[in-house]
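For the sequence shown, our numbering gives the first residue as 5, with consecutive numbering after it.
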Amino acid sequence: MEEWTKAASVAVGTLMMFSLGSAYAISAWNSQMKDTLQMSQGEIASVAASFTFGQYNSIWAGFFYDRFGVRWTSLASATLLATFYWLAALLSASPSAPHSAMSACFVFIGLGHAFPAVASMAANEGVYGQAHRGKIMGLLVSSYSGGGAAFAFIYHAWFDQHVGDFFTFMGWTLSSLSVLGAVFLQGSPHHTSVLQDEDEETPLEQKGKLEHNITLWPLLQTAQFWHLFVVVLVGVGSPLFVMNNLSFLVESYGGDA
5 MEEWTKAASV
15 AVGTLMMFSL
25 GSAYAISAWN
35 SQMKDTLQMS
45 QGEIASVAAS
55 FTFGQYNSIW
65 AGFFYDRFGV
75 RWTSLASATL
85 LATFYWLAAL
95 LSASPSAPHS
105 AMSACFVFIG
115 LGHAFPAVAS
125 MAANEGVYGQ
135 AHRGKIMGLL
145 VSSYSGGGAA
155 FAFIYHAWFD
165 QHVGDFFTFM
175 GWTLSSLSVL
185 GAVFLQGSPH
195 HTSVLQDEDE
205 ETPLEQKGKL
215 EHNITLWPLL
225 QTAQFWHLFV
235 VVLVGVGSPL
245 FVMNNLSFLV
255 ESYGGDA
(Lines of atoms letter the chains of each structure in order from A; the text may use other names.)
(Lines give C-alpha, C1' and ligand atoms only; values in the text may rest on other atoms or scores of the structure.)
Protein backbone atom coordinates (compact mmCIF):
# COMPACT_ATOMS: atom_id res chain seq x y z
CA MET A 5 0.00 0.00 0.00
CA GLU A 6 1.43 3.38 -1.00
CA GLU A 7 1.95 6.10 1.58
CA TRP A 8 -0.50 8.52 -0.04
CA THR A 9 -3.30 5.92 0.03
CA LYS A 10 -2.69 5.35 3.75
CA ALA A 11 -2.75 9.08 4.45
CA ALA A 12 -5.89 9.55 2.33
CA SER A 13 -7.63 6.68 4.12
CA VAL A 14 -6.89 8.14 7.56
CA ALA A 15 -7.82 11.68 6.46
CA VAL A 16 -11.18 10.60 5.00
CA GLY A 17 -11.86 8.36 8.00
CA THR A 18 -11.13 11.24 10.36
CA LEU A 19 -13.44 13.54 8.42
CA MET A 20 -16.17 10.89 8.45
CA MET A 21 -15.86 10.45 12.21
CA PHE A 22 -15.89 14.22 12.72
CA SER A 23 -19.14 14.54 10.77
CA LEU A 24 -20.68 11.56 12.59
CA GLY A 25 -20.07 13.46 15.81
CA SER A 26 -23.04 15.57 14.74
CA ALA A 27 -25.07 13.01 16.71
CA TYR A 28 -23.84 14.77 19.85
CA ALA A 29 -25.44 18.02 18.64
CA ILE A 30 -28.94 16.67 19.27
CA SER A 31 -29.56 19.13 22.11
CA ALA A 32 -29.08 21.98 19.63
CA TRP A 33 -32.23 21.07 17.71
CA ASN A 34 -34.44 18.69 19.71
CA SER A 35 -36.27 21.40 21.68
CA GLN A 36 -37.04 23.23 18.42
CA MET A 37 -38.31 20.02 16.85
CA LYS A 38 -40.53 19.50 19.89
CA ASP A 39 -42.05 22.97 19.50
CA THR A 40 -42.38 22.77 15.70
CA LEU A 41 -44.16 19.41 15.72
CA GLN A 42 -45.96 20.03 19.03
CA MET A 43 -44.52 16.90 20.58
CA SER A 44 -44.84 15.89 24.20
CA GLN A 45 -41.73 15.47 26.33
CA GLY A 46 -42.12 11.72 26.07
CA GLU A 47 -42.31 11.83 22.27
CA ILE A 48 -39.17 13.94 21.81
CA ALA A 49 -37.37 11.74 24.35
CA SER A 50 -38.40 8.75 22.23
CA VAL A 51 -36.77 10.37 19.19
CA ALA A 52 -33.51 10.83 21.11
CA ALA A 53 -33.61 7.30 22.52
CA SER A 54 -34.30 5.86 19.07
CA PHE A 55 -31.35 7.77 17.62
CA THR A 56 -29.05 6.46 20.35
CA PHE A 57 -30.41 2.92 20.04
CA GLY A 58 -29.73 2.80 16.31
CA GLN A 59 -26.34 4.45 16.62
CA TYR A 60 -24.99 2.09 19.26
CA ASN A 61 -26.64 -1.04 17.86
CA SER A 62 -23.56 -1.21 15.68
CA ILE A 63 -23.02 -4.97 15.80
CA TRP A 64 -25.07 -5.26 12.59
CA ALA A 65 -22.71 -2.83 10.89
CA GLY A 66 -19.85 -5.01 12.13
CA PHE A 67 -21.40 -8.15 10.67
CA PHE A 68 -22.00 -6.31 7.40
CA TYR A 69 -18.40 -5.05 7.28
CA ASP A 70 -16.95 -8.51 7.91
CA ARG A 71 -19.14 -10.01 5.19
CA PHE A 72 -18.98 -7.35 2.46
CA GLY A 73 -15.98 -5.15 3.25
CA VAL A 74 -15.35 -1.44 3.49
CA ARG A 75 -16.65 -0.40 0.05
CA TRP A 76 -20.13 -1.86 0.41
CA THR A 77 -20.35 -0.78 4.05
CA SER A 78 -19.61 2.81 3.05
CA LEU A 79 -22.13 2.70 0.21
CA ALA A 80 -24.77 1.17 2.49
CA SER A 81 -24.20 4.00 4.97
CA ALA A 82 -24.55 6.59 2.19
CA THR A 83 -27.90 5.07 1.23
CA LEU A 84 -29.18 4.87 4.82
CA LEU A 85 -28.10 8.38 5.77
CA ALA A 86 -29.42 10.10 2.67
CA THR A 87 -32.74 8.24 2.69
CA PHE A 88 -33.63 8.66 6.34
CA TYR A 89 -32.23 12.15 6.96
CA TRP A 90 -34.27 13.38 4.00
CA LEU A 91 -37.28 11.48 5.31
CA ALA A 92 -36.76 13.21 8.68
CA ALA A 93 -36.68 16.55 6.85
CA LEU A 94 -40.00 15.68 5.20
CA LEU A 95 -41.54 14.63 8.53
CA SER A 96 -40.30 17.87 10.13
CA ALA A 97 -42.44 19.77 7.64
CA SER A 98 -45.49 17.58 8.35
CA PRO A 99 -46.89 18.29 11.84
CA SER A 100 -49.87 16.04 11.12
CA ALA A 101 -47.65 12.98 10.60
CA PRO A 102 -47.59 10.45 13.47
CA HIS A 103 -44.81 11.35 15.86
CA SER A 104 -43.92 7.69 16.16
CA ALA A 105 -42.82 7.86 12.51
CA MET A 106 -40.07 10.30 13.47
CA SER A 107 -38.86 7.95 16.21
CA ALA A 108 -38.79 5.04 13.77
CA CYS A 109 -36.94 7.19 11.25
CA PHE A 110 -34.25 8.01 13.80
CA VAL A 111 -33.62 4.34 14.55
CA PHE A 112 -32.41 4.03 10.95
CA ILE A 113 -30.56 7.35 11.04
CA GLY A 114 -28.71 6.06 14.10
CA LEU A 115 -27.96 2.80 12.30
CA GLY A 116 -26.75 4.86 9.36
CA HIS A 117 -24.29 6.56 11.72
CA ALA A 118 -23.02 3.16 12.89
CA PHE A 119 -22.04 1.91 9.42
CA PRO A 120 -19.48 4.60 8.49
CA ALA A 121 -18.12 4.61 12.06
CA VAL A 122 -17.38 0.89 11.84
CA ALA A 123 -15.98 1.26 8.32
CA SER A 124 -13.62 4.12 9.15
CA MET A 125 -12.29 2.52 12.34
CA ALA A 126 -11.99 -1.04 11.02
CA ALA A 127 -10.28 0.11 7.83
CA ASN A 128 -7.80 2.45 9.51
CA GLU A 129 -6.91 0.93 12.88
CA GLY A 130 -4.07 -1.16 11.38
CA VAL A 131 -3.22 0.83 8.29
CA TYR A 132 0.11 2.03 9.74
CA GLY A 133 0.83 -1.19 11.61
CA GLN A 134 0.75 -2.25 15.23
CA ALA A 135 3.12 0.51 16.42
CA HIS A 136 0.69 3.30 15.45
CA ARG A 137 -2.68 1.61 16.04
CA GLY A 138 -3.38 3.50 19.28
CA LYS A 139 -2.57 6.86 17.70
CA ILE A 140 -4.91 6.24 14.77
CA MET A 141 -7.76 5.11 17.02
CA GLY A 142 -7.19 8.10 19.29
CA LEU A 143 -7.35 10.45 16.30
CA LEU A 144 -10.58 8.91 15.04
CA VAL A 145 -12.30 8.94 18.43
CA SER A 146 -11.22 12.50 19.24
CA SER A 147 -12.48 13.76 15.88
CA TYR A 148 -15.80 12.04 16.58
CA SER A 149 -16.05 13.79 19.94
CA GLY A 150 -15.18 17.18 18.48
CA GLY A 151 -17.83 16.97 15.79
CA GLY A 152 -20.67 17.53 18.25
CA ALA A 153 -19.55 21.04 19.18
CA ALA A 154 -18.86 21.96 15.56
CA PHE A 155 -22.26 20.84 14.28
CA ALA A 156 -24.08 22.47 17.19
CA PHE A 157 -22.42 25.73 16.12
CA ILE A 158 -23.33 25.10 12.47
CA TYR A 159 -26.96 24.50 13.43
CA HIS A 160 -27.33 27.69 15.46
CA ALA A 161 -25.35 29.76 12.94
CA TRP A 162 -27.16 28.72 9.75
CA PHE A 163 -30.19 26.54 10.55
CA ASP A 164 -31.69 27.95 13.76
CA GLN A 165 -35.46 27.26 13.80
CA HIS A 166 -35.11 25.32 10.51
CA VAL A 167 -34.73 21.73 11.67
CA GLY A 168 -35.83 20.23 8.35
CA ASP A 169 -33.21 22.19 6.41
CA PHE A 170 -30.55 20.96 8.82
CA PHE A 171 -31.60 17.36 8.23
CA THR A 172 -31.43 17.90 4.47
CA PHE A 173 -27.92 19.34 4.90
CA MET A 174 -26.87 16.39 7.05
CA GLY A 175 -28.20 13.93 4.49
CA TRP A 176 -26.07 15.50 1.76
CA THR A 177 -23.00 15.89 3.96
CA LEU A 178 -22.88 12.44 5.50
CA SER A 179 -23.83 10.54 2.35
CA SER A 180 -21.19 12.42 0.34
CA LEU A 181 -18.51 11.62 2.90
CA SER A 182 -19.59 7.98 2.91
CA VAL A 183 -19.11 7.86 -0.86
CA LEU A 184 -15.63 9.32 -0.34
CA GLY A 185 -15.08 6.54 2.17
CA ALA A 186 -16.00 3.95 -0.44
CA VAL A 187 -13.29 5.41 -2.69
CA PHE A 188 -10.46 6.15 -0.25
CA LEU A 189 -10.80 3.90 2.81
CA GLN A 190 -8.38 0.99 2.69
CA GLY A 191 -10.01 -2.30 3.57
CA SER A 192 -9.10 -5.93 4.08
CA PRO A 193 -5.77 -6.29 2.23
CA HIS A 194 -3.70 -4.81 5.06
CA HIS A 195 -5.27 -7.23 7.56
CA THR A 196 -4.29 -10.16 5.36
CA SER A 197 -0.72 -9.00 4.90
CA VAL A 198 -0.27 -8.27 8.60
CA LEU A 199 -1.52 -11.71 9.59
CA GLN A 200 0.70 -13.40 7.01
CA ASP A 201 3.77 -11.53 8.19
CA GLU A 202 3.06 -12.34 11.82
CA ASP A 203 2.51 -16.02 11.03
CA GLU A 204 5.89 -16.23 9.32
CA GLU A 205 7.63 -14.87 12.41
CA THR A 206 5.52 -16.53 15.14
CA PRO A 207 6.70 -19.69 16.91
CA LEU A 208 4.57 -22.72 16.17
CA GLU A 209 3.40 -23.08 19.75
CA GLN A 210 1.83 -19.57 19.64
CA LYS A 211 -0.07 -19.95 16.38
CA GLY A 212 -3.05 -21.63 17.98
CA LYS A 213 -3.59 -18.64 20.23
CA LEU A 214 -3.49 -16.17 17.34
CA GLU A 215 -5.85 -18.20 15.18
CA HIS A 216 -8.47 -18.78 17.90
CA ASN A 217 -11.56 -16.63 17.30
CA ILE A 218 -14.26 -16.80 19.97
CA THR A 219 -17.83 -16.84 18.67
CA LEU A 220 -20.78 -14.88 20.02
CA TRP A 221 -22.38 -17.38 22.42
CA PRO A 222 -19.13 -18.39 24.19
CA LEU A 223 -18.24 -14.70 24.41
CA LEU A 224 -21.52 -13.98 26.22
CA GLN A 225 -20.59 -16.64 28.78
CA THR A 226 -17.33 -14.95 29.79
CA ALA A 227 -17.05 -12.68 32.83
CA GLN A 228 -14.84 -10.25 30.89
CA PHE A 229 -17.64 -9.49 28.44
CA TRP A 230 -20.12 -8.63 31.19
CA HIS A 231 -17.59 -6.53 33.10
CA LEU A 232 -17.02 -4.48 29.95
CA PHE A 233 -20.74 -4.42 29.13
CA VAL A 234 -21.71 -2.97 32.51
CA VAL A 235 -18.95 -0.35 32.40
CA VAL A 236 -20.00 0.79 28.92
CA LEU A 237 -23.72 0.65 29.79
CA VAL A 238 -23.25 3.00 32.75
CA GLY A 239 -20.24 5.00 31.59
CA VAL A 240 -21.62 5.73 28.13
CA GLY A 241 -25.37 5.51 28.73
CA SER A 242 -25.50 8.00 31.60
CA PRO A 243 -23.66 10.84 29.80
CA LEU A 244 -25.71 10.24 26.66
CA PHE A 245 -28.93 10.54 28.66
CA VAL A 246 -27.79 13.93 29.96
CA MET A 247 -26.58 15.11 26.54
CA ASN A 248 -29.78 14.09 24.80
CA ASN A 249 -31.83 16.11 27.28
CA LEU A 250 -29.45 19.00 27.93
CA SER A 251 -31.62 21.63 26.25
CA PHE A 252 -34.61 20.63 28.38
CA LEU A 253 -32.52 20.78 31.54
CA VAL A 254 -31.48 24.32 30.61
CA GLU A 255 -35.10 25.30 29.92
CA SER A 256 -36.25 23.84 33.23
CA TYR A 257 -33.91 26.25 35.02
CA GLY A 258 -35.23 29.23 33.07
CA GLY A 259 -32.46 29.33 30.47
CA ASP A 260 -32.76 29.82 26.71
CA ALA A 261 -32.01 26.60 24.84
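The beta-carbon is built from N, C-alpha and C at its ideal position, and this holds for glycine as well.
- DSSP places E6 in the coil class of the three-state scheme, outside both helix and strand.
- Annotation for S124: G17, M20, M21, L144, G185 and L189 place their beta carbon closer than 7 Å to its own, counting only its chain and skipping 5 residues before and after.
- Leaving aside the five residues that flank T9 on each side, the residues in its chain whose CB is nearer than 8 Å to its CB run, in chain order, F188 and Q190.
- Straight through space, the alpha carbons of A80 and V111 are spaced by roughly 15 Å.
- In this structure, the alpha-carbon of A15 lies about 35 Å from that of S50.
- Rounded to whole angstroms, the Cβ separation of S62 and A118 is 4 Å, and the two are in contact under 8 Å.
- Annotation for F163: D169 and F170 place their beta carbon closer than 6 Å to its own, counting only its chain and skipping 5 residues before and after.
- C-alpha of Y89 to C-alpha of Q225: approximately 38 Å in a straight line.
- Nearest in C-alpha terms to Q36, of all of T177, S107, A135 and H160, is H160.
- Straight-line measurement puts the Cα of A153 at about 23 Å from the Cα of T40.
- Runs of the alpha helix (DSSP H) spanning 4 or more residues and lying entirely within the stretch 78 to 136 occur at 103 to 128, in chain order.
- Nearest to G114 by alpha-carbon distance, out of A82, S180, R71 and W76, is A82.
- In the three-state scheme derived from DSSP, where H, G and I count as helix and E and B as strand, T177 is classed as helix.
- At least 9 Å separates the beta-carbon of G58 from that of G151.
- A straight-line Cα-Cα distance of about 14 Å links E129 and Y69.
- By the neighbour-count definition (other C-beta atoms within 10 Å, threshold 16), W221 is an exposed residue.
- Burial is judged here by how many other beta carbons sit within 10 angstroms of a residue's own beta carbon; A97 has fewer than 16 and is exposed.
- From the listed residues V234, A86, A108 and P99, the smallest Cα separation to G175 is found for A86.
- Per DSSP, F163 lies in no alpha helix (DSSP H) and is assigned neither H nor E.
- Contact check for A93 against T177 fails: the beta carbons are separated by 9 Å or more.
- Contact check for A53 against F155 fails: the beta carbons are separated by 9 Å or more.
- In the three-state DSSP reduction, Q225 falls in the coil class, being neither helix nor strand.
- One alpha carbon belongs to N34, the other to A108, and they sit about 16 Å apart.
- Shown here for I48: same chain residues with a beta carbon closer than 7 Å to its own, the five before and five after excluded, namely N34, M37 and K38 in chain order.
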